[in-house]
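Reviewing the structure listed below.
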Amino acid sequence: MQDPAARRDSILGKWLERTVATYPPQTSGFLRNEKDRFRNPVGHTLQEGLAALLDQITGEMDTVRIREALGEIVRVRAVQDFTPGQATGFVFLLREILGEELPGGVPTAWQKRIDETALLAFELFVKCREEITEIKAREAQRSFYVRDRMRQRERGEGT
Amino acid sequence: MKALSSLALVVALAALAFFLGRVEPLRVVLGVIIPYVAIAIFLAGVSYKVIVWSLSPVPFRIPTSCGQQKSLSWIKAGWLENPHSTPGVVARMALEVLLFRSLFRNTKAELREGPRLIYGERRFLWLGALAFHWSFLVIFVRHLRFFIEPVPRLVMVLDRLDSFFQVGIPLLYITDVTIVAALLYLLLRRLRDPQVRYISLFADYFALFLILGLALSGVWMRYFARIDVVAVKQLAIGLVTFSPIVPREVTSLFLVHLILLSTLLAYFPFSKLMHMGGIFLSPTRNLANNNRRKRHVNPWDYPVPVHPYQEWEAEFHDKIAAAGLPLEK
Amino acid sequence: MANPKPEELTQIDYQPGRKDWMNPAVEFRKGVFCYSAAPKNLRYLGLPNPREWQPFDKDWKLPADWKRTILEGMRERLRKFRSFRLFMDICVRCGACADKCHFYIGSGDPKNMPVLRAELIRSVYRRYFTTAGRVLGRLAGARELTEDVLKEWFYYFYQCTECRRCSVFCPYGIDTAEVTMIVRELLNLVGCNINWVVEPAANCFRTGNHLGIQPHGFKDSIDFAVDELEEITGIRVEAPINRKGAEILFVVPSADYFATPHYFTLLGYLMLLHEAGLDYTFSAYASEGGNFGLFQSHEMMKRLNAKIYAEARRLGVKWILGGECGHMWRVIHQYMDTLNGPADFLEVPVSPVTGTRFEHARSTKMVHICEFTSDLIRHGKLRLDPSRNNRWNVTFHDSCNPARAMGLLEEPRYILRNVCKNFHEMPENTIREQTFCCGSGAGLGTDENFEMRMRGGLPRANAVKYVRDKFGVNLVACVCAIDKATLPTLFEYWVPGMEVAGVHELVGNALLMKGERERTGDLRGEPFQEKEASTHA
Chain A
77 MQDPAARRDS ILGKWLERTV ATYPPQTSGF LRNEKDRFRN PVGHTLQEGL
127 AALLDQITGE MDTVRIREAL GEIVRVRAVQ DFTPGQATGF VFLLREILGE
177 ELPGGVPTAW QKRIDETALL AFELFVKCRE EITEIKAREA QRSFYVRDRM
227 RQRERGEGT
Chain B
6 MKALSSLALV VALAALAFFL GRVEPLRVVL GVIIPYVAIA IFLAGVSYKV
56 IVWSLSPVPF RIPTSCGQQK SLSWIKAGWL ENPHSTPGVV ARMALEVLLF
106 RSLFRNTKAE LREGPRLIYG ERRFLWLGAL AFHWSFLVIF VRHLRFFIEP
156 VPRLVMVLDR LDSFFQVGIP LLYITDVTIV AALLYLLLRR LRDPQVRYIS
206 LFADYFALFL ILGLALSGVW MRYFARIDVV AVKQLAIGLV TFSPIVPREV
256 TSLFLVHLIL LSTLLAYFPF SKLMHMGGIF LSPTRNLANN NRRKRHVNPW
306 DYPVPVHPYQ EWEAEFHDKI AAAGLPLEK
Chain C
14 MANPKPEELT QIDYQPGRKD WMNPAVEFRK GVFCYSAAPK NLRYLGLPNP
64 REWQPFDKDW KLPADWKRTI LEGMRERLRK FRSFRLFMDI CVRCGACADK
114 CHFYIGSGDP KNMPVLRAEL IRSVYRRYFT TAGRVLGRLA GARELTEDVL
164 KEWFYYFYQC TECRRCSVFC PYGIDTAEVT MIVRELLNLV GCNINWVVEP
214 AANCFRTGNH LGIQPHGFKD SIDFAVDELE EITGIRVEAP INRKGAEILF
264 VVPSADYFAT PHYFTLLGYL MLLHEAGLDY TFSAYASEGG NFGLFQSHEM
314 MKRLNAKIYA EARRLGVKWI LGGECGHMWR VIHQYMDTLN GPADFLEVPV
364 SPVTGTRFEH ARSTKMVHIC EFTSDLIRHG KLRLDPSRNN RWNVTFHDSC
414 NPARAMGLLE EPRYILRNVC KNFHEMPENT IREQTFCCGS GAGLGTDENF
464 EMRMRGGLPR ANAVKYVRDK FGVNLVACVC AIDKATLPTL FEYWVPGMEV
514 AGVHELVGNA LLMKGERERT GDLRGEPFQE KEASTHA
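Residue numbers (the numbering used here), protein chains in the order written: chain A, 77 to 235; chain B, 6 to 334; chain C, 14 to 550.
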């Protein structure tokens, strides 16, 4: 296998750049350049997350780490103006960037890993959307907490 | 596109002045009539705007509080960031007007990562704005030496300070460098930062190019063209004493400078440049946060339909009674 | 990207192609806007153009002369509000505010930059109210008022939570909240409003509170809290309602007696007021401290707010105490006295326990409960056992209005330091005057607007997550009813496991009441952890 370590920064830079390019052009610069993590949570999540993903896909392929990093990114994109495909499609960008950066081509193992990661991204996306439905239901419940408690008590269910 | 067209407009203005300035009968128009008209528009326009602003009421007291309120005696109140009295407001306004306090706040960031340069950009906006405005003020005051005879001490002192480094002949003014540098920075920022470029209008570029043109023509006259200062002073004093003349020694180049200035003056009241006057009137900054201590009166207050207690009690009378709550009737 | 592969083709589509902001283009996607106000609510309040419609409809059923109405409304407000006129005139588009808006940070939509949000109406102002705009049109940054522009206003001005963060950074103090308030007034003139604002307002006008709880329901809720408190503490507190001759009228946001975690804050108040021996009363008529009129128009704000002084006068109290609520305190601190004062029938508030005269409230005559409580603690009038809050590791979220429209920063912190042992601040540029909004204020906290709320709340949640990871924080304390309703939701999505509580819930946990039974658990019924004898007076 080739040593991607030397090209890591360049690969990561491209991946980040092309991912933030899915945001309005007026904003992508801000997402890429603002380094303060509290001012720029979206950019920060992308920077950290993509780096972790790259290291895993070209390295250990630790599924826990992958899931974690991917989850953070997908969670953000699941509530932004994206279709499911757009929200998760950033994973595939890596294949084309690796193709450009590695003269020997992308190893088949990595290609497979990218496919798996993309699939996982889609799964996590769906999970986020399901969570949203549940969270909404719980929010509604909280807003009638006292009424519900009073009814419970009337029925003698105690606390 | 917006930037190019506003640049073109400024260049066209300058070129027009340059060529018309060579036509003898038009020199009076460029050197006397247009400046007078421009000053008249400036004075009338600015006073009109400021009068309209100050006559428009401030119905509510809405300061933005940027610090601890004055409440309990043992809690230290942020007298400057959240002033509760007039001295505090004056100090807050002074910081805003003289040092651009709020813009400086932009730079305060903690736990930043990565290269410092990006963080630095924010400080540059404050620095660039400050450099530009202060240089402009100093240059304006320096120019009084053309209009007043004998030249006031203050102006001479400022002049000497500004050429402190004693470089070149004629002596290089520091503010000439800083204003051009600051303007170029502000312009570059507008063009390069995608966020700022997106919000920029034609007018934003026009103001920058106009002032840049004004500054560059001044620089050119002083350091390169070395124009006849005595003649310029004759013209300037003629203007202020209402006995205008355009001496033969006054070159076309000077008329370019004068026309750009006239354009700026005439344009001023209709543009965002009015922020100079507006900042003093901003109700989120120039009011004390003593809202609960001192009543603020709304001059156009009017009665509104309300739901009085009696109607409320009448509507829910039986339920109130059943709940055992006290009733008026 | 040379030689695009199939997946790259789809990628290219992702690039949003908005070029010039002046062309209005709004798509009402589910999840990012609020539903329209139901006609019955508009009718009840006597507001214009009640009808069935939704923002995603093509035809908004505007009145025939809507354009004239809007422009006349603008003219009138330019005359009445110096803030509006000035903010239309003096912006230099320096961009200092651009990345200060939580909606911009979380969504990336450039029209969420405060400067551009304001330009949406500024461009119309230029077209109809300035010479340059009339003559030069687009060149001067002016544009026609069209139905699309109106739709864009609706979209973006119901996407501003009036949090005032941008105004902290603006070199001229331009406050987008002020612009938003005016534009919402204009939209109201032609009947373009949202139900989540108008329905609470209609409820409040009729019953006295946003939730529409009638007097007997209000009494039941309070009685229920008194009963529960007796079970927890063994003490039966008094919680009178509409009692004439009380010294103090106590006004709280209605969520405090209806929703969770607000309810535990209510329990905290009841314990505190009992322990302080305060002679007070609730009111069923003025049973709402909050004021959704603020999110609609100055007039509606005044109509709803009128009840508080009217009730204080009727009951003959000396002064008014107010509970934990953000926008309620913006109205009380910056508007109430002007709207419905002078309160010359009341007395300057004096704490009957400590004798402290609340001079800072000498005109409005209303005191924030955090001011009241911190004064009690300072004078050693409360016995507190902070170890009872040991299961919490606390941070404090400054709510927008108490922070930026009042400056209530230290009082809640002082209380927290006295009632709990573990307290950690979030990073400096996310608290106090730079605090990030919950993303659901100003009437936007509806579930149909869920995605937008999650975007807007991301900066806040992100800082909370940081202190969770760094210090093990597990509770966000706050003094705002909207926060209590929406932050738990926000954290469920972004920072799972993070809880939210009112400051006075923690006071209630720590408070040692005279004659209380041996307590084993906190107000939520959870057992105390590591109980130590670290009581201090």
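Even for Gly, the Cβ is constructed at its ideal location relative to N, Cα and C.
All values reported here derive from a predicted model rather than from experimental measurement.
Would you say Thr-91 (chain B) reaches chain C, if we count a Cβ-Cβ gap shorter than 7 Å as a contact?
No, Thr-91 (chain B) lies away from the interface with chain C (no Cβ there is under 7 Å from its Cβ).
Check whether the Cβ of Ser-76 (chain B) lies closer than 7 Å to any Cβ atom in chain C.
Judged by the 7 Å Cβ criterion, Ser-76 (chain B) is in contact with chain C.
Proximity of Phe-152 (chain B) and Val-245 (chain B) at Cβ, strictly below 7 Å
Less than 7 Å divides the Cβ of Phe-152 (chain B) from the Cβ of Val-245 (chain B).
Please state the DSSP three-state secondary structure of Ser-52 (chain B).
The answer is helix: DSSP assigns Ser-52 (chain B) an H, G or I state.
For Val-140 (chain A), does the count of other Cβ atoms within 10 angstroms reach 16, so buried, or fall short, so exposed?
So Val-140 (chain A) ends up on the exposed side.
Along the chain, where does the alpha helix (DSSP H) that runs through Thr-499 (chain C) open and close?
In the DSSP assignment, Thr-499 (chain C) falls within the alpha helix (DSSP H) that extends over 494-507.
Gly-302 (chain C) and Gly-335 (chain C): beta carbons closer than 7 Å?
Cβ atoms of Gly-302 (chain C) and Gly-335 (chain C): closer than 7 Å.
Over what stretch of residues does the alpha helix (DSSP H) that includes Cys-217 (chain C) continue unbroken?
That run of the alpha helix (DSSP H) goes 208-220.
To test your reading of the DSSP string, which unbroken alpha helix (DSSP H) runs of 4 or more residues are found completely within the stretch 36-79 of chain C?
Unbroken alpha helix (DSSP H) stretches of 4 residues or longer found wholly inside the stretch 36-79 of chain C: 52-58, given in chain order.
Answer with yes or no whether the minimum CB distance from Val-202 (chain A) to chain C is below 7 Å.
Residue contact check for Val-202 (chain A) against chain C: no CB pair falls below 7 Å.
Could you tell me whether any Cβ in chain C is nearer than 7 Å to the Cβ of Ile-87 (chain A)?
By this cut-off, Ile-87 (chain A) is not an interface position.
Within chain A, the residues that Ile-118 (chain C) reaches when beta carbons sit closer than 8 Å
Under the 8 Å cutoff, chain A gives Arg-115, Asn-116, Pro-117, Val-118.
Give the straight-line distance between the Cα atoms of Cys-176 (chain C) and Cys-107 (chain C), rounded to the nearest whole angstrom.
Our two residues, Cys-176 (chain C) and Cys-107 (chain C), have alpha carbons roughly 20 Å apart in a direct line.
Counting only runs that start and end within the stretch 144-204 of chain A, where is the alpha helix (DSSP H) found for 4 or more residues in a row?
The DSSP assignment places 160-164, 166-177 as complete runs of the alpha helix (DSSP H) inside the stretch 144-204 of chain A, in order along the chain (cut-off: 4 residues).
Please list the terminal residues of the continuous alpha helix (DSSP H) segment that includes Glu-86 (chain B).
From DSSP, Glu-86 (chain B) is part of no alpha helix (DSSP H); its letter is neither H nor E.
With DSSP run on the structure shown, which of helix, strand or coil describes Met-379 (chain C)?
Residue state, collapsed to three classes: strand.
Distance CB(Ala-208 (chain B))-CB(Ile-46 (chain B)) smaller than 7 Å:
No, these two residues do not count as a Cβ contact at 7 Å.
Mind pulling the chain C residues with CB within less than 7 Å of Tyr-203 (chain B)?
Chain-order list of chain C residues neighbouring Tyr-203 (chain B): Trp-34, Pro-123, by C-beta distance under 7 Å.
Just curious, the beta strand (DSSP E) that Thr-408 (chain C) is in, first and last residue?
For Thr-408 (chain C), the enclosing beta strand (DSSP E) stretches over residues 407-409.
Residues bridged to Glu-254 (chain B) [DSSP beta-bridge criterion]
BP columns for Glu-254 (chain B) are empty, so no partner.
For Pro-266 (chain C), would you say it is in contact with chain A, using Cβ-to-Cβ distances shorter than 7 Å as the test?
Chain A contact via Cβ: absent.
Tell me which residues share the same chain as Val-118 (chain A) and place their Cβ nearer than 7 Å to its Cβ, disregarding the 5 neighbours each side in the sequence.
Close CB contacts of Val-118 (chain A) within its chain, under the 7 Å cut and outside five residues either way in sequence, are with Leu-107, Val-152 (chain order).
For the stretch 52-69 of chain C against the stretch 182-194 of chain C, are there 3 or more C-beta pairs whose distance is under 8 Å?
They do not touch, by the three-pair rule.
The stretch 92-109 of chain A: positions lying closer than 8 Å to chain B by Cβ:
Listed by position, the residues of the stretch 92-109 of chain A near chain B (Cβ gap below 8 Å) are Pro-101, Gln-102, Thr-103, Ser-104, Gly-105, Phe-106, Asn-109.
Answer yes if the stretch 117-130 of chain C comes into contact with the stretch 205-223 of chain B, meaning at least three C-beta pairs across the two stretches below 8 Å, and no otherwise.
Result no; under three Cβ-Cβ pairs closer than 8 Å.
Closer than 7 Å to chain C by CB, Ile-80 (chain B):
Using a Cβ-Cβ cut-off of 7 Å, Ile-80 (chain B) counts as an interface residue toward chain C, since at least one Cβ of chain C sits closer than that to its own.
Distance, Ile-142 (chain A) Cα to Ala-128 (chain A) Cα:
C-alpha separation (whole angstroms): 7 Å.
Could you check where the alpha helix (DSSP H) with Trp-166 (chain C) kicks off and where it finishes?
Per DSSP, Trp-166 (chain C) is one residue of the alpha helix (DSSP H) stretching across 160-170.
Suppose you measure from the CA of Gly-232 (chain A) to the CA of Met-226 (chain A); what does that come to, to the nearest Å?
Counting only the Cα atoms, Met-226 (chain A) lies some 10 Å from Gly-232 (chain A).
Out of C:Asp-112, C:Glu-198, C:Ala-490, state which residue places its alpha-carbon closest to the alpha-carbon of Arg-408 (chain C).
This sequence places Thr at residue 408 (chain C); Arg is not what is there. When each option's Cα is compared against that of Thr-408 (chain C), the closest is C:Ala-490.
Is the separation between the beta-carbon of Asn-357 (chain C) and that of Arg-300 (chain B) shorter than 7 Å?
For the sequence presented, residue 357 (chain C) should be read as Asp rather than Asn. Cβ atoms of Asp-357 (chain C) and Arg-300 (chain B): not closer than 7 Å.
Residues bridged to Cys-491 (chain C) by DSSP?
Under DSSP, the beta-bridge partners assigned to Cys-491 (chain C) are C:Gly-515.
Pairing CB atoms from the stretch 473-485 of chain C with CB atoms from the stretch 328-348 of chain C, are three or more of them under 8 Å?
With contact defined as three or more Cβ pairs closer than 8 Å, the stretch 473-485 of chain C and the stretch 328-348 of chain C are not in contact.
I'd like to know if the stretch 87-106 of chain C and the stretch 53-70 of chain B are in contact, where contact means that at least 3 CB-CB pairs between them fall below 8 Å.
With three or more CB-CB distances shorter than 8 Å, the stretch 87-106 of chain C counts as touching the stretch 53-70 of chain B.
Looking at the strands, I want to know which residues DSSP matches up with Tyr-293 (chain C).
DSSP links Tyr-293 (chain C) through a beta bridge to C:Ile-261.
So Val-39 (chain C) and Lys-164 (chain C) are in contact, right, with Cβ under 8 Å, and what is the actual spacing, rounded?
Contact holds; Cβ gap of about 5 Å.
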